[in-house]
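Read the structure below first, then the notes.
Numbering (my numbering), first residue to last: 146 to 795.
Right, here's the structure in full:
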């Protein structure tokens with residue numbers, strides 16, 4: 146989170162001077178109230194609100210309340226123990242404890258609410274909208290809007306009716322840096338204790354820690370250092386991609402806020418596998434940040450508290466599998482109709498039963514996303530999910546990568562040997578991407594693993610038993626490769642026991658759902674895309690499918706100003722040359738490429754990409770003040786990739 150000055154508590158006489166200056170004289174009372182309070186007053190005045198207006202605390206109707214609490218179930222489950230802990234510590238002081246959602250709606254109440262005045266009891270009820278637009282200046286809404294802890298005392302409330310309240314609040318962030326709610330302490334008598342704000346901050350951090358612990362991860366990392374508290378944690382997947390972070394960890398990394406698409410190598414100079422080894426041995430490891438700062442870290446394997454929950458907390462049987470599988474995949478790549486949802490549920494059943502899955506589709510349709518989502522929806526969600534691209538490794542290296550090797554197996558073999566990806570995925574799921582590119586000589590070994598659930602390292606004679614679920618993906622037409630003698634027929638039939646085909650983006654009926662699913666992680670409000678622009682985007686052929694659409698959105702966000710409505714020109718297109726539309730491909734790409742031909746044919750649109758890319762890079766660098774790591778994250782690129790683009794441009 147950004148480093149901000151701590152909130153200031155002003156004396157009552159200063160607050161009344163500020164009210165007189167603002168409400169009576171129309172002046173900004175600088176130095177008499179804290180900045181979040183003054184900002185709130187100014188917003189409300191711009192809306193035409195008056196301090197003498199009556200305030201009504203009306204909860205939503207019972208059906209709407211049930212929906213609200215159901216929507217916030219995950220937050221409530223982790224927050225309620227911490228709210229109870231906070232309430233117990235302040236019970237004698239007469240504080241009421243409140244949790245709101247990200248929109249400022251009350252979802253949980255604890256503490257001395259029964260001893261409070263009628264107005265506070267009316268306000269602190271689940272379902273009451275406590276946002277600024279409904280009840281004026283208050284600590285909860287200010288904390289949500291400012292993304293920082295806030296005091297609001299007595300006369301700092303905009304409406305006169307609320308000046309009996311004295312409150313402080315802190316926002317709660319999820320592991321991806323999104324505000325999901327706020328914790329508040331309030332009472333209706335003057336004199337909030339000086340330590341009250343620290344209490345709500347600690348409560349919020351503990352809730353964040355529980356949210357962090359609840360997410361599936363391959364390796365969790367606790368950062369230790371002079372400025373690190375106990376809640377400074379990072380989560381990584383098996384490919385060393387950053388999955389999440391607690392808000393206490395971000396300042397240690399020099400990050401003002403959460404940035405998507407960061408990898409271990411973007412942050413640390415040390416090797417990722419060194420920390421993994423240290424975690425297995427239960428010892429700390431000194432680390433060096435890219436900026437030179439030294440920290441100590443402790444790793445935790447299998448990193449999710451969810452992995453240790455009773456089975457009833459996840460999918461207890463096949464009939465219940467439908468909803469989690471559909472929801473998990475819908476979050477990343479919605480498929481949009483009943484047939485697709487049924488097929489996803491069947492795919493999860495097959496995976497849970499130990500059958501290998503084969504996912505087919507054009508390049509960019511989201512095959513790895515689907516595999517990860519199915520893994521997340523399975524009973525193995527807390528175990529490793531690893532991915533290997535069979536087309537990106539030479540045959541010699543692939544054998545060692547997949548099956549591992551013993552010491553001395555070949556020149557350059559690691560001392561003591563090394564486990565392969567199959568062993569590393571023990572207990573979890575292994576994705577073999579681009580399986581059609583796997584060399585024939587390795588297909589025999591894979592078939593043996595599938596049949597016997599055991600692996601023999603390169604150079605070894607003894608087999609190691611493994612428990613792995615296999616998902617394979619390809620954009621190629623495997624029956625054609627079988628007919629050409631380039632893929633083993635017995636392996637094909639073993640892999641094709643269950644096939645999940647992902648349609649190309651141009652054939653999907655849920656384009657808007659896909660679009661919204663891509664916008665959310667980018668922090669882009671759906672309202673920035675008006676209906677005309679959405680229709681324009683739907684008309685495009687998208688030969689690169691969801692991946693191309695995601696990159697186009699990143700380009701548009703990099704080329705536009707924050708909160709500016711997006712326009713076609715933000716997508717790197719030349720309006721004069723194309724009339725605001727990217728040139729269409731001359732023909733649609735086949736659903737699955739049957740040969741070695743490129744999966745996408747060149748189109749005129751490709752001519753626009755270099756200049757569009759250059760514009761996006763320059764805009765991202767300008768927005769991040771020249772910080773290459775932050776700019777790469779904003780663009781969805783690796784840091785090394787961005788450096789290569791910059792080198793080519795010189």
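C-beta atoms are modelled at their ideal positions from N, C-alpha and C, and glycine is treated no differently.
Remember, it's a predicted structure, so these values are computed and weren't measured experimentally.
Worksheet item: Under a three-way DSSP split, which group does residue 625 fall into?
Response: Collapsing the DSSP output to three states places residue 625 in a helix.
Worksheet item: CA-CA distance, residue 304 and residue 677?
Response: Taking the straight line joining both Cα atoms gives about 40 Å.
Worksheet item: Quick one: what's residue 365 bridged to in DSSP?
Response: Under DSSP, the beta-bridge partners assigned to residue 365 are 380 and 445.
Discussion item. Between the segment 231-251 and the segment 271-283, can you find at least three pairs of beta-carbon atoms closer than 8 Å?
Written reply: Per the Cβ contact rule, the segment 271-283 is in contact with the segment 231-251 (3 or more Cβ pairs under 8 Å).
Fill in: For residue 599, the first and last residue of its enclosing beta strand (DSSP E)
Note, residue 599: beta strand (DSSP E), 599-601.
Worksheet item: If you draw a straight line from the C-alpha of residue 314 to the C-alpha of residue 287, how long is it?
Response: Linking residue 314 to residue 287 through their CA atoms gives a straight-line distance of about 8 Å.
Worksheet item: residue 246: which of 537, 214, 230 and 493 sits nearest, CA to CA?
Response: Of all alpha-carbon atoms in 537, 214, 230 and 493, the one lying nearest the alpha-carbon of residue 246 is that of 214.
Worksheet item: Assuming residue 582 and residue 509 make a contact with CB atoms under 8 Å, what is their CB distance in whole Å?
Response: The distance from the Cβ of residue 582 to that of residue 509 is about 17 Å, inconsistent with a contact at the 8 Å cut-off.
Worksheet entry | residue 296 - partner residues in DSSP beta bridges | Note: residue 296 sits in a beta bridge opposite 313.
Practice prompt. Return the CA-CA distance between residue 491 and residue 600, expressed in angstroms with no decimal places.
Written response: Cα to Cα, residue 491 sits roughly 28 Å from residue 600.
Item to complete: Can you grab the Cα-Cα spacing for the pair residue 295 / residue 176, in whole Å?
Response: Straight-line spacing of the CA atoms in residue 295 and residue 176 works out to 16 Å.
Worksheet item: Just curious, the alpha helix (DSSP H) that residue 357 is in, first and last residue?
Response: That run of the alpha helix (DSSP H) goes 341-358.
Worksheet entry | Limits of the unbroken alpha helix (DSSP H) element including residue 182 | Here the alpha helix (DSSP H) through residue 182 covers 180-191.
Discussion item. Which complete alpha helix (DSSP H) runs does the segment 523-590 hold, if anything under 4 residues is left out?
Written reply: List check, alpha helix (DSSP H) in window: 540-548 and 566-569.
Worksheet entry | Contact between the segment 615-626 and the segment 658-665 (3+ Cβ pairs under 8 Å) | Segments in contact, no.
Worksheet entry | Burial state of residue 483 (16 or more Cβ within 10 Å) | Residue placement at residue 483 is flagged as unreliable, the pLDDT there being 49, under the threshold of 50; the coordinate-derived value follows with that caveat. Exposed, because fewer than 16 other Cβ atoms sit within 10 Å of the Cβ of residue 483.
Discussion item. Need the endpoints of the beta strand (DSSP E) that residue 644 sits in, please.
Written reply: Counting along the chain, the beta strand (DSSP E) containing residue 644 begins and ends at 643-646.
Worksheet item: Which residues does DSSP pair with residue 439 in a beta bridge?
Response: Per the DSSP secondary-structure output, residue 439 pairs in a beta bridge with 433.
Worksheet entry | Bridge-paired residues (DSSP) for residue 386 | Bridge partners of residue 386: 408.
Worksheet item: How is the beta strand (DSSP E) around residue 324 delimited, first residue to last?
Response: Following the DSSP letters along the chain, one finds residue 324 inside the beta strand (DSSP E) bounded by residues 324-332.
Practice prompt. Label residue 607 either buried or exposed according to how many other C-beta atoms from any shown protein chain fall within 10 Å of its C-beta, with 16 as the threshold for buried.
Written response: Around the CB of residue 607, fewer than 16 other CB atoms lie within 10 Å, so the residue is classed as exposed.
Worksheet entry | Which listed residue (524, 538, 580 and 520) has its alpha carbon closest to that of residue 530 | Closest option to residue 530, Cα to Cα, is 520.
Worksheet item: What is the rounded straight-line gap between the Cα of residue 379 and the Cα of residue 363?
Response: Their Cα atoms are separated by approximately 11 Å.
Discussion item. With the cut-off set at 8 Å, would you say residue 241 and residue 269 are in Cβ contact?
Written reply: Taking 8 Å as the Cβ cut-off, residue 241 and residue 269 qualify as a contacting pair.
Worksheet item: Is it right to say residue 179 is buried, meaning 16 or more other beta carbons lie within 10 angstroms of its own, or is it exposed?
Response: By the 10 Å Cβ count, residue 179 comes out buried.
Worksheet item: Between residue 653 and residue 674, what straight-line distance do the alpha-carbon atoms span, to the nearest angstrom?
Response: Near 19 Å, if we compare the C-alpha coordinates of residue 674 and residue 653.
Discussion item. In the DSSP output, what is residue 632 paired with across the bridge?
Written reply: Paired residue(s): none; residue 632 is not in a bridge.
Discussion item. According to DSSP, simplified to helix, strand and coil, what is residue 505?
Written reply: The answer is strand: DSSP assigns residue 505 an E or B state.
Worksheet item: How would you label residue 545, buried or exposed, when you count the other beta carbons within 10 angstroms and need 16 or more for buried?
Response: Result: buried.
Discussion item. Considering just the uninterrupted stretch of the alpha helix (DSSP H) at residue 656, what are its terminal residues?
Written reply: For residue 656, the enclosing alpha helix (DSSP H) covers residues 656-664.
Discussion item. Given a cut-off of 8 Å on the beta-carbon distance, is the pair residue 690 and residue 645 in contact?
Written reply: It is not a contact, given that the beta carbons lie outside the stated cut-off.
Discussion item. For residue 598 and residue 633, which I take to be in contact (beta-carbon distance under 8 Å), what is that distance rounded to the nearest angstrom?
Written reply: Between residue 598 and residue 633 a beta carbon distance of about 19 Å is seen, past the 8 Å cut, so the two are scored as non-contacting.
Worksheet entry | Cβ pair residue 220, residue 325 closer than 8 Å | Annotated as proximal: residue 220 and residue 325, with beta-carbon spacing under 8 Å.
Worksheet item: Considering only residues of the same chain and omitting the five flanking positions on each side of residue 553, which have a CB-CB separation below 8 Å?
Response: So the list reads 604, once near-sequence residues are dropped.
Worksheet entry | Cβ neighbours of residue 611 in the same chain (closer than 8 Å, five flanking residues each side left out) | The answer, listed in chain order, is 567, 568, 570, 571, 594, 598, 599 and 600.
Item to complete: Leaving out five residues on either side along the sequence, give the residues of the same chain with a beta carbon under 6 Å from the beta carbon of residue 341.
Response: In its chain, beyond the 5 residues on either side, 313 and 330 have a beta carbon closer than 6 Å to the beta carbon of residue 341.
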